[in-house]
Amino acid sequence: MSLKAVLAVKQVNTTIPIKAHKKYSYKLQGLNISHANHVWSTDITYIKIAGGMVYMAAIIDWHSKAVLSHRISNTMDSQLVMSVLNDALEKHPHPEIFNTDQGSQYTSEIHTKRLKDLGITISMDGKGRATDNSCIERFWRSAKCERIYLNEYHLLVS
Numbered sequence: 007m008s009l010k011a012v013l014a015v016k017q018v019n020t021t022i023p024i025k026a027h028k029k030y031s032y033k034l035q036g037l038n039i040s041h042a043n044h045v046w047s048t049d050i051t052y053i054k055i056a057g058g059m060v061y062m063a064a065i066i067d068w069h070s071k072a073v074l075s076h077r078i079s080n081t082m083d084s085q086l087v088m089s090v091l092n093d094a095l096e097k098h099p100h101p102e103i104f105n106t107d108q109g110s111q112y113t114s115e116i117h118t119k120r121l122k123d124l125g126i127t128i129s130m131d132g133k134g135r136a137t138d139n140s141c142i143e144r145f146w147r148s149a150k151c152e153r154i155y156l157n158e159y160h161l162l163v164s
């Protein structure tokens, strides 16, 4: 059996708010999430590669804990999160509630308009409250400790 120690890595802040963008209240407090597609959540994390880093965005279903869509990009922008969102919406029934942090990609007009046009309720974590988005934060922790930190990545292939 081969064991590897996984050491804590300094975190990079991927939540960059823009004050002019509207923030939405957190709608999951005390909510009984009873079925698939009741609540989806999304987030962005980073992956170190030789010479820099790339960003990964994913969407997870809170009930099934299934990752519904994910993408990796060399930029952390609205195009990345819209690609992940549109992919998930094409492949799965729409959620009732969509939860994010208050990052500028998620508060952008293009992102919030897409959700509102589909009648999806927008929920946002409280400022600095990663625990509000515990499902996707737990996924990131598992992905990093079980896969990402154990490998070296050299480049992003399109």
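Numbering (my numbering), first residue to last: 7 to 164.
Note that CB positions come from ideal geometry on N, CA and C, so glycine has one too.
Keep in mind that this is a model prediction, so the values were computed, not measured.
Along the length of the stretch 107 to 144, whole beta strand (DSSP E) runs at least 3 residues long occupy 127 to 130, reported in chain order.
Ranked by Cα distance from residue 78, the options 64, 106 and 116 are led by 64. Rounded to the nearest angstrom, the gap between the Cα atoms of residue 41 and residue 129 is 18 angstroms.
Annotation: residue 109 to residue 155 spans about 25 angstroms, alpha carbon to alpha carbon. Closest in C-alpha terms to residue 66, from the list 29, 95 and 32, comes 95. Per DSSP, the beta bridge partners of residue 63 are 50 and 77. If you check the CB distance, residue 74 and residue 46 come in under 8 angstroms. For residue 158, no alpha helix (DSSP H) encloses it, and the DSSP letter there is neither H nor E.
Out of 43, 70 and 140, the CA that lies nearest to the CA of residue 49 is found in 140. Here DSSP, grouped into helix, strand and coil, assigns residue 39 to coil.
In chain order, 77 place their CB closer than 6 angstroms to the CB of residue 89, counting only its own chain and leaving out the 5 sequence neighbours on each side. In this structure, residue 113 keeps its C-beta atom at 8 angstroms or more from the C-beta atom of residue 33. Annotation: the continuous alpha helix (DSSP H) that includes residue 95 extends over 84 to 97. Sequence-distant Cβ neighbours of residue 106 in its own chain, meaning closer than 6 angstroms and more than five residues away, are 48, 112 and 130. Residue 44 is not a Cβ neighbour of residue 116, given a cutoff of 8 angstroms.
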